[in-house]
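In full-length UniProt numbering, the protein residues as written are 1 to 149. One structure below.
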Amino acid sequence: MIVGSPEQAFAAFWDPLDKLVYSKEKIAEIERHLKLYQPYPQEYIKAARAAMERFIRILEAEGVIVRRVESFDHTKSFSTPDWQTPGGFCAANLRDSFMVVGNRIIEAPMCSRSRFFEARAYRKLLNKYAKAGAQLISAGQPNNNLLIP
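As C-alpha coordinates, then:
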(Lines of atoms letter the chains of each structure in order from A and count residues from 1; the text may use other names and numbers.)
(Lines give C-alpha, C1' and ligand atoms only; values in the text may rest on other atoms or scores of the structure.)
Protein backbone atom coordinates (compact mmCIF):
# COMPACT_ATOMS: atom_id res chain seq x y z
CA MET A 1 0.00 0.00 0.00
CA ILE A 2 1.49 3.31 -1.02
CA VAL A 3 -0.22 6.34 0.49
CA GLY A 4 0.39 10.06 0.37
CA SER A 5 -0.12 10.87 4.04
CA PRO A 6 -2.58 9.88 6.76
CA GLU A 7 -4.56 13.05 6.04
CA GLN A 8 -4.53 12.54 2.29
CA ALA A 9 -4.24 8.71 2.45
CA PHE A 10 -4.08 8.23 -1.30
CA ALA A 11 -1.88 9.44 -4.12
CA ALA A 12 -2.53 8.93 -7.81
CA PHE A 13 -0.08 6.50 -9.36
CA TRP A 14 1.55 9.31 -11.35
CA ASP A 15 2.15 11.48 -8.27
CA PRO A 16 5.63 11.43 -6.71
CA LEU A 17 6.03 8.65 -4.16
CA ASP A 18 6.40 10.01 -0.64
CA LYS A 19 5.49 7.04 1.61
CA LEU A 20 5.84 3.28 1.41
CA VAL A 21 4.68 0.53 3.79
CA TYR A 22 7.03 -2.45 4.04
CA SER A 23 6.49 -5.79 5.76
CA LYS A 24 9.82 -7.17 6.92
CA GLU A 25 8.99 -10.88 6.91
CA LYS A 26 11.20 -13.31 8.78
CA ILE A 27 9.08 -16.37 8.15
CA ALA A 28 6.84 -17.05 5.17
CA GLU A 29 5.14 -20.29 4.25
CA ILE A 30 3.38 -21.73 1.28
CA GLU A 31 -0.18 -22.25 2.47
CA ARG A 32 -0.51 -25.58 4.25
CA HIS A 33 -3.70 -26.67 2.54
CA LEU A 34 -1.75 -26.80 -0.72
CA LYS A 35 -0.10 -30.14 -1.42
CA LEU A 36 3.27 -28.45 -1.94
CA TYR A 37 3.28 -26.95 1.57
CA GLN A 38 6.67 -26.04 2.90
CA PRO A 39 8.30 -23.01 4.44
CA TYR A 40 10.01 -20.74 1.93
CA PRO A 41 13.74 -21.51 2.03
CA GLN A 42 15.54 -19.12 4.40
CA GLU A 43 18.07 -18.20 1.70
CA TYR A 44 15.17 -16.90 -0.46
CA ILE A 45 13.85 -14.82 2.43
CA LYS A 46 17.32 -13.47 3.29
CA ALA A 47 18.01 -12.55 -0.35
CA ALA A 48 14.61 -10.85 -0.72
CA ARG A 49 15.07 -8.91 2.53
CA ALA A 50 18.57 -7.77 1.49
CA ALA A 51 17.24 -6.57 -1.88
CA MET A 52 14.36 -4.73 -0.18
CA GLU A 53 16.71 -3.09 2.32
CA ARG A 54 18.89 -1.81 -0.55
CA PHE A 55 15.79 -0.52 -2.35
CA ILE A 56 14.51 1.14 0.83
CA ARG A 57 17.84 2.93 1.34
CA ILE A 58 17.51 4.34 -2.18
CA LEU A 59 13.93 5.48 -1.52
CA GLU A 60 14.85 7.06 1.82
CA ALA A 61 17.78 8.87 0.18
CA GLU A 62 15.20 10.38 -2.18
CA GLY A 63 13.06 11.56 0.75
CA VAL A 64 10.46 8.77 0.77
CA ILE A 65 9.18 7.85 4.25
CA VAL A 66 9.23 4.07 4.70
CA ARG A 67 6.96 2.57 7.36
CA ARG A 68 7.96 -0.87 8.59
CA VAL A 69 5.28 -3.03 10.15
CA GLU A 70 5.46 -5.66 12.88
CA SER A 71 6.69 -9.15 12.20
CA PHE A 72 4.05 -11.79 12.78
CA ASP A 73 4.58 -15.53 13.28
CA HIS A 74 2.60 -17.24 10.53
CA THR A 75 3.66 -20.76 11.56
CA LYS A 76 1.21 -20.94 14.48
CA SER A 77 -2.12 -22.64 13.99
CA PHE A 78 -5.22 -20.54 14.63
CA SER A 79 -8.99 -20.81 14.52
CA THR A 80 -12.35 -19.11 14.74
CA PRO A 81 -15.44 -20.75 16.25
CA ASP A 82 -16.22 -22.14 12.76
CA TRP A 83 -12.89 -23.53 11.55
CA GLN A 84 -9.19 -23.98 12.22
CA THR A 85 -6.09 -23.90 10.05
CA PRO A 86 -2.55 -25.14 10.69
CA GLY A 87 -0.92 -21.78 9.99
CA GLY A 88 -0.79 -18.63 7.93
CA PHE A 89 0.95 -17.36 4.83
CA CYS A 90 2.76 -14.02 5.25
CA ALA A 91 1.93 -10.32 5.47
CA ALA A 92 4.02 -9.14 2.53
CA ASN A 93 1.13 -8.73 0.07
CA LEU A 94 -0.41 -5.57 1.43
CA ARG A 95 -2.36 -4.75 -1.72
CA ASP A 96 -4.26 -8.04 -1.27
CA SER A 97 -5.42 -6.97 2.18
CA PHE A 98 -6.17 -3.26 1.87
CA MET A 99 -7.54 -0.75 -0.58
CA VAL A 100 -7.16 3.00 -0.08
CA VAL A 101 -9.87 5.35 -1.36
CA GLY A 102 -9.51 8.98 -0.34
CA ASN A 103 -9.00 8.97 3.42
CA ARG A 104 -10.56 5.51 3.80
CA ILE A 105 -8.47 2.38 4.28
CA ILE A 106 -10.63 -0.65 3.51
CA GLU A 107 -9.56 -4.05 4.82
CA ALA A 108 -10.61 -6.66 2.29
CA PRO A 109 -11.81 -10.13 3.27
CA MET A 110 -9.25 -12.79 2.44
CA CYS A 111 -10.02 -15.82 0.28
CA SER A 112 -8.18 -18.36 2.39
CA ARG A 113 -8.38 -19.32 6.05
CA SER A 114 -4.59 -19.21 6.23
CA ARG A 115 -4.73 -15.49 5.30
CA PHE A 116 -7.56 -14.58 7.70
CA PHE A 117 -5.35 -12.70 10.22
CA GLU A 118 -2.77 -11.18 7.83
CA ALA A 119 -3.91 -7.65 8.64
CA ARG A 120 -2.78 -8.02 12.27
CA ALA A 121 0.79 -7.16 11.25
CA TYR A 122 -0.47 -3.70 10.21
CA ARG A 123 -2.60 -2.87 13.30
CA LYS A 124 -0.22 -0.35 14.91
CA LEU A 125 0.27 1.49 11.63
CA LEU A 126 -3.47 1.46 10.88
CA ASN A 127 -4.22 2.83 14.35
CA LYS A 128 -1.66 5.60 13.77
CA TYR A 129 -3.38 6.50 10.49
CA ALA A 130 -6.80 6.40 12.20
CA LYS A 131 -5.60 8.82 14.90
CA ALA A 132 -4.44 11.12 12.09
CA GLY A 133 -7.92 11.08 10.53
CA ALA A 134 -8.06 8.07 8.22
CA GLN A 135 -11.26 6.01 8.34
CA LEU A 136 -10.67 2.28 8.79
CA ILE A 137 -13.30 -0.01 7.31
CA SER A 138 -13.27 -3.79 7.57
CA ALA A 139 -15.32 -5.51 4.90
CA GLY A 140 -17.45 -8.44 6.02
CA GLN A 141 -15.77 -11.82 6.09
CA PRO A 142 -17.04 -14.59 3.79
CA ASN A 143 -19.00 -17.47 5.29
CA ASN A 144 -17.15 -20.62 6.14
CA ASN A 145 -18.07 -22.48 2.94
CA LEU A 146 -16.59 -19.70 0.76
CA LEU A 147 -13.14 -19.82 2.33
CA ILE A 148 -10.46 -22.01 0.80
CA PRO A 149 -9.51 -24.56 3.51
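We put the CB at the ideal spot given by N, CA and C, even for glycine.
Original post:
Shortest alpha-carbon distance to S114 belongs to which of Y40, G87, A121 and E107?
Top reply: Residue 114 sits at position 114 when you count from the first residue of the sequence shown. Here the closest residue by C-alpha is G87.
**OP:** Mind checking who E43 pairs with in its DSSP beta bridge?
**Re:** Within the sequence shown, the letter at position 43 stands for residue 43. None, per the DSSP bridge assignment.
**OP:** Assign E118 to one of two classes, buried (16 or more other C-beta atoms within 10 Å of its C-beta) or exposed (fewer than that).
**Re:** Counted from its first residue, the sequence shown places residue 118 at position 118. Its Cβ being crowded by 16 or more others within 10 Å, E118 is buried.
Subject >> Three-state secondary structure assigned by DSSP to E118 >> reply: Translated into positions along the sequence shown, residue 118 becomes position 118. In the structure shown, E118 sits in a helix (DSSP, three-state: H, G or I).
Subject >> Residues near F98 by beta carbon distance below 8 angstroms, same chain, minus five either side >> reply: Mapped onto the sequence shown, residue 98 falls at position 98. Same-chain partners within the cutoff: M1, I105, I106, E107, A108, A119 and Y122.
Subject >> Enclosing alpha helix (DSSP H) for S138 [first to last residue] >> reply: In the sequence shown, the residue the question calls residue 138 occupies position 138. Segment Q135 to S138 is the beta strand (DSSP E) holding S138; no alpha helix (DSSP H) there.
Subject >> Terminal residues of the beta strand (DSSP E) in which R68 lies >> reply: Here residue 68 refers to the residue found at position 68 of the sequence shown. Note, R68: beta strand (DSSP E), I65 to V69.
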